[in-house]
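A.B. asks: Residue numbers (my numbering): -19 to 776. One structure coming up, written as structure tokens, with questions to follow.
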Amino acid sequence: AYVPLDPEYPSERLSLMLEDAQVGVLLTQQQFIDRLLQHQGKLICLDSDWQSIQQQRQDNVSNSVTADNLAYVIYTSGSTGTPKGVAVGHSAVNRLVLNTNYIQLQPNDRVAQAANIAFDAATFEIWGALLNGARLVGISQEVVLSPQKFAAHIQQTEISVLFLTTALFNQIASFELQVFNSLRCLLFGGETVDPKCVRQVLQNDSPQKLLHVYGPTENTTFSSWYLVQEVPANAITIPIGRPIANTQLYILDQYLQPVPVGVPGELHIGGVGLARGYLNRPELTEEKFIPNPFNNSKLYKTGDLARYLPDGNIEYLGRIDNQVKIRGFRIELGEIEAVLSQHPQVQSVVVTAREDNPGEKRLVAYIVPQQQPALSISELRQFLKTKLPQYMIPAEILILESLPLTPNGKIDRRALPAPDTNNLAMQASFIPPLDLVEQKLAQIWAEVLKVYPVGVKDNFFDLGGHSLLAVQLMAHIGQQFNKNLPLAILFQNPTIQQLANVLRQPIDAFDWSPVVPIQPNGSKQPFFCLPGAGGNTIYLYHLAYYLGKDQPFYGLQSLGLDGESKPHTRIEEMAAYYIEAIQTIQPNGPYFLGGHSFGGMVAFEMANQLQKQGYEVALVAILDSGAPGCIHDELVVDGVDDTRWLTKIATLFENFYGKSLNVSDETLKLLTPYEQLNYFKEQLQSVNLLPPDVGLKQLCGLIEVFKTNHQIAYVYIPQVIYPGHIKFFKASEIDAVSNTNSEIFQEIGLGWNKFSAQSIDIHYVPGNHLTMLNEPHVQFLAEQIKICIEQAKLDY
């Protein structure tokens, strides 16, 4: 039997699986050995040991396997806090893909393996192809996560059979509908589907056969199927259909009696596809695999709520226990709760899956801490990262004084508060300042962030800090301590305790530099990233964080933000200035460059200049930037005064920070220029985007930088064609404030193709032009950039 292991899992989780399954032989590669803490079995590295393996034996091994033997053990999330191994036999795999009623796989089929081998969908893909003599086409994760690449790969390799998780189906349906037309059979499932996406596929380029499938790992991947031919206009779900061959489905009440049509009950599954049970977990196996009340076989209690429709199909209604599915991953909330409970500072915990915004399901953890020592949310996240895979780490962690209870003393999940990111910091445990320096800093932080009290170990950015607030924070610190600290200091020292240590040093001044070391640590080659037209790098903090601790990340900030120096007036001179700056960090290539919005143009120009100077550029990552010539900005064209620029900036602030500002052309035109600036400042202060009693100098600098960068972007035309690849990251949503021609922007790759000798690689990422760099979308963006960085390293 085989046990698939995902190398991205934490080492502790991998070791637990290896020990639990008593794996005797581990097939791996040299690059993953460090992830395996200890393994007692035989270790075989396929990349380094293959030659010697071939020499040992040339003949086929004898085969005494029967249909009753164990085929594999796949580990899924477990409610007790540890993953549980589902043991599946050969006959169950055969029943899934041979002589079945929902699909007829043929030797001339090309079946895509898009699923991770540790995900049970791979069972259908791998053995569906191999047991039918078809071709299995492996698709890398980098390709799967890029809708355009995925679509192109499916067409180029002539894939005929494809399974997608519901989340991936929705994503492909949104961007690359034409790919479905080439498929003989498209299967999708894994969580509740949006009928609108299915209707869209049917109305456009639908495959020959579109199947909605359902099934838990405990019944070998698929248990039911529904042939989707139409979606009624009033449909709110897509049925999961009827059982596949050699499978029985029962909808039963609490007394194991069948329920009538239309009445909800728990779905139970029987038949040849049933797993043996859970490896080394006899009690859990007995609880979930129960005697079939209708014959001498077994039934699996799915924990899923379902009902029969009048036509005999089954409709899935949700979970009746603590298990959820997010992006196709089955997650036991109890496992996350059990892991959090292991933390010595956690008294009690509840984890839920919330969908406060339609289609955005996310995990939220509610923590009641021990009184002492204080609990840090960032420490909790680091703790979870050592125990759980990334998809199981809650998007939000809320600290509560107590958990709400129902009248009978049970946790009232409905009464748990919705996350409010503006108030999360106020709930964190408090560590008071220890001396006068920390007391002064705590007072400044409270004024700037509108959070009280502030603990000395609380991270500025976790408390809601952003670009404008960081600028003002450092200005207040300069006034209070008579030390001119650059913004880079805040990135390296984002807590009061760390900043206090800096201020205690006998340093009177710090040199200004355009290079901001947002995350300077790590052994990898640095990634240099340029911000949008605002010129401030602070909003890139989350991107740097999710790229990881071993990836150095430097931002490049615009001249003029201090309100004293003058901004650059040409992109070419700005790029040259930045090249000179980054070469103090990295004298020689290959260089890894990126830029968001306006910064994408500057990164592109830097790459051209570096190539012309004889330096290698490994990566140019352009984050949702309009190509030269695609910019359409009526403010630049019309040559308007500062009134319209203030309105434009106000609109951007509203969209980026989710605040409502009372700034309009009509209001500003009644004021003098000086009064306009004061009014604008007051509006920012009214929604806590600026602290009180702030001067206008830096605000004027920000406006001038924003205005100048827009103007030079409008007239910039590259003088040469870039010889290398461009990685373009396109926001999935089009917002109302981007200064790009919407018609051209829909085909943005074509715009950049004019300036590149090679094709543009386009990666679609969630969010719009602004929110793609905010939580939670920035996590996905960071993963995509990571993949591109690693691929670029291989090319060099």
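Ideal Cβ positions, reconstructed from N, Cα and C, are used throughout, including at glycine.
So, Ile476 versus Val428, is the Cβ gap smaller than 9 Å?
C.D. replies: To locate residue 476, count along the sequence shown from 1; it is residue 496. To locate residue 428, count along the sequence shown from 1; it is residue 448. Not closer than 9 Å, so no.
A.B. asks: Once the 5 residues before and after Gly118 are set aside, which same chain residues still bring their CB inside 8 Å of it?
C.D. replies: Here residue 118 is taken as the residue at index 138 of the sequence shown, counted from 1. For Gly118, where only same-chain residues beyond five positions count, the Cβ hits under 8 Å are Gln93.
A.B. asks: Roughly how many angstroms lie between the CA atoms of Ala213 and Ala286, to the nearest whole one?
C.D. replies: Residue 213 sits at position 233 when you count from the first residue of the sequence shown. Residue 286 sits at position 306 when you count from the first residue of the sequence shown. Approximately 22 Å between the Cα atoms of the pair.
A.B. asks: In three-state terms, what does DSSP make of Cys25?
C.D. replies: What you label residue 25 is simply residue 45 of the sequence shown in a count that begins at 1. Strand at Cys25.
A.B. asks: Would you say the segment 196 to 210 touches the segment 52 to 72, given that touching needs at least three Cβ pairs under 8 Å?
C.D. replies: Taking 8 Å as the limit for Cβ pairs, the verdict is that the segment 52 to 72 does touch the segment 196 to 210.
A.B. asks: Mind checking Ile311: buried by the 16 CB within 10 Å criterion, or exposed?
C.D. replies: On the sequence shown, residue 311 is found 331 positions in, with the first residue counted as 1. Burial call: buried.
A.B. asks: So what's Gly579 in DSSP terms, helix, strand or just coil?
C.D. replies: Here the question's residue 579 lines up with position 599 in the sequence shown. Three-state DSSP puts Gly579 in a helix.
A.B. asks: Residues in its own chain within less than 7 Å of Thr549 by CB, not counting five upstream and five downstream?
C.D. replies: For the purposes of this step, residue 549 is identified with residue 569 of the sequence shown, where counting begins at 1. The answer, listed in chain order, is Thr688 and Ile692.
A.B. asks: How long is the line joining the alpha carbons of Gly609 and Gly594, rounded to whole angstroms?
C.D. replies: Along the sequence shown, one-based indexing puts residue 609 at 629. Along the sequence shown, one-based indexing puts residue 594 at 614. Going by the C-alpha atoms only, they are around 27 Å apart.
A.B. asks: Quick check on the burial criterion: 16 or more other C-beta atoms within 10 angstroms. Buried or exposed for Tyr702?
C.D. replies: Within the sequence shown, the letter at position 722 stands for residue 702. Per the 10 Å Cβ criterion, buried.
A.B. asks: Have a look at the DSSP bridge pairing and note the partners of Asn184.
C.D. replies: Start at 1 with the first residue of the sequence shown, and residue 184 comes out as number 204. Beta-bridge pairing links Asn184 to no other residue.
A.B. asks: Excluding the 5 residues flanking Val600 on each side, which residues of the same chain have their C-beta closer than 8 Å to its C-beta?
C.D. replies: Counting from 1 along the sequence shown, the entry for residue 600 is found at position 620. So the qualifying residues of the chain are Leu573, Gly574, Ala583, Phe584, Ala587, Tyr702, Gly704, His705, Ile706 and Lys707.
A.B. asks: Look at the Cβ atom of Gly424, then the Cβ atom of Leu453, and state whether they are nearer than 9 Å.
C.D. replies: Residue mapping note: residue 424 aligns to position 444 of the sequence shown, counting from 1. Residue mapping note: residue 453 aligns to position 473 of the sequence shown, counting from 1. A small correction: the amino acid at residue 424 is Ile; Gly does not occupy that position in the sequence shown. Against a cut-off of 9 Å, the Cβ pair of Leu453 and Ile424 comes out as a contact.
A.B. asks: Do Leu229 and Val208 have their beta-carbon atoms positioned less than 9 Å apart in this structure?
C.D. replies: Position 228 of the sequence shown, counted from the start, is the residue given in the question as residue 208. Position 249 of the sequence shown, counted from the start, is the residue given in the question as residue 229. Not in contact: Val208 and Leu229 (Cβ atoms no closer than 9 Å).
A.B. asks: In three-state DSSP terms, what is Lys831?
C.D. replies: Only positions -19 to 776 of the chain appear in the structure, and residue 831 is not among them; the question remains open.
A.B. asks: Exposed or buried, which one is Thr103 when buried takes at least 16 other CB atoms within 10 Å?
C.D. replies: Start at 1 with the first residue of the sequence shown, and residue 103 comes out as number 123. Buried, since its Cβ has 16 or more Cβ neighbours within 10 Å.
A.B. asks: Tell me where the beta strand (DSSP E) around Pro506 begins and ends.
C.D. replies: Reading the sequence shown from its first residue, position 526 is the one you call residue 506. Counting along the chain, Pro506 falls outside any beta strand (DSSP E), and DSSP gives it neither H nor E.
A.B. asks: If you draw a straight line from the alpha carbon of Tyr296 to that of Tyr519, how long is it in whole angstroms?
C.D. replies: Here residue 296 corresponds to residue number 316 of the sequence shown, with the count starting at 1. Here residue 519 corresponds to residue number 539 of the sequence shown, with the count starting at 1. Distance between the alpha carbons of Tyr296 and Tyr519 is about 41 Å.
A.B. asks: Flag this pair as yes or no: are the beta carbons of Ile562 and Val495 separated by less than 9 Å?
C.D. replies: What you label residue 562 is simply residue 582 of the sequence shown in a count that begins at 1. What you label residue 495 is simply residue 515 of the sequence shown in a count that begins at 1. Closer than 9 Å, so yes.
A.B. asks: Any idea which residues DSSP pairs Gly118 with across the strands?
C.D. replies: To locate residue 118, count along the sequence shown from 1; it is residue 138. Beta-bridge pairing links Gly118 to Gln93.
A.B. asks: Which runs of the beta strand (DSSP E) fall wholly inside the segment 271 to 346 and span at least 3 residues, in chain order?
C.D. replies: Correct list: 278 to 288, 294 to 299, 303 to 306, 309 to 312 and 326 to 334.
A.B. asks: Using a C-beta cutoff of 9 Å, does Lys176 count as contacting chain C?
C.D. replies: You won't find chain C in this structure, because it holds only one protein chain.
A.B. asks: For Ala72, count neighbouring Cβ atoms within 10 angstroms of its own Cβ and tell me buried if that reaches 16, exposed if not.
C.D. replies: For the purposes of this step, residue 72 is taken as residue 92 along the sequence shown, with counting starting at 1. By the 10 Å Cβ count, Ala72 comes out buried.
A.B. asks: So, using beta-carbon positions, are Tyr694 and Glu552 closer together than 9 Å?
C.D. replies: By 1-based counting over the sequence shown, the position of residue 694 is 714. By 1-based counting over the sequence shown, the position of residue 552 is 572. Contact flag unset, no.
A.B. asks: How many Å lie between Phe709 and Pro746 at the Cα?
C.D. replies: Your numbering for residue 709 matches position 729 in the sequence shown. Your numbering for residue 746 matches position 766 in the sequence shown. Looking at the two C-alpha atoms, the distance is approximately 10 Å.
A.B. asks: What's the call for Leu774, buried or exposed, on a 16-neighbour Cβ count within 10 Å?
C.D. replies: In the sequence shown, counting from the first residue as 1, residue 774 sits at position 794. Per the 10 Å Cβ criterion, exposed.
A.B. asks: If you follow the alpha helix (DSSP H) that Gln158 is part of, which residue opens it and which one closes it?
C.D. replies: Start at 1 with the first residue of the sequence shown, and residue 158 comes out as number 178. Segment: none, Gln158 is in no alpha helix (DSSP H) and carries neither H nor E.
A.B. asks: Could you check where the alpha helix (DSSP H) with Leu247 kicks off and where it finishes?
C.D. replies: For the purposes of this step, residue 247 is taken as the residue at position 267 of the sequence shown. Careful: Leu247 lies outside any alpha helix (DSSP H), inside the beta strand (DSSP E) at Gly245 to Gly251.
A.B. asks: DSSP has Ile377 in a bridge; who is on the other side?
C.D. replies: Looking up residue 377 in the sequence shown gives position 397. Ala345.
A.B. asks: Per DSSP, Gly514 is paired with what?
C.D. replies: To locate residue 514, count along the sequence shown from 1; it is residue 534. Answer is none; Gly514 lacks a bridge partner.
A.B. asks: Kindly indicate which three-state DSSP category Lys707 falls into: helix, strand or coil?
C.D. replies: Sequence index remark: in the sequence shown, residue 707 carries index 727 (1-based). Lys707 falls in the strand class under three-state DSSP.
A.B. asks: Going along the chain, which residues of its own chain have a beta-carbon closer than 8 Å to the beta-carbon of Lys649, five neighbours each way excluded?
C.D. replies: On the sequence shown, position 669 is the one that residue 649 refers to. Within the same chain, Lys649 has close Cβ partners Thr623.
A.B. asks: Around the Cβ of Ala780, are there at least 16 other Cβ atoms within 10 angstroms (buried) or fewer (exposed)?
C.D. replies: An answer regarding residue 780 cannot be provided, because it is not within the stretch -19 to 776 covered by the chain.
A.B. asks: Nearest CA to the CA of Asn293: which residue from Asn754, Ala(-19), Gly543 and Gly242?
C.D. replies: One-based indexing of the sequence shown puts residue 293 at position 313. Checked all of Asn754, Ala(-19), Gly543 and Gly242; the closest Cα to Asn293 is Gly242.
A.B. asks: Mapping the DSSP letters down to three states, classify Leu(-15) as helix, strand or coil.
C.D. replies: Numbered from its first residue, the sequence shown carries residue -15 at position 5. In this structure, Leu(-15) counts as coil in the three-state DSSP scheme.
A.B. asks: What first and last residue would you give for the alpha helix (DSSP H) that runs through Phe363?
C.D. replies: Translated into the one-based positions of the sequence shown, residue 363 becomes position 383. Residues Ile357 to Lys365.
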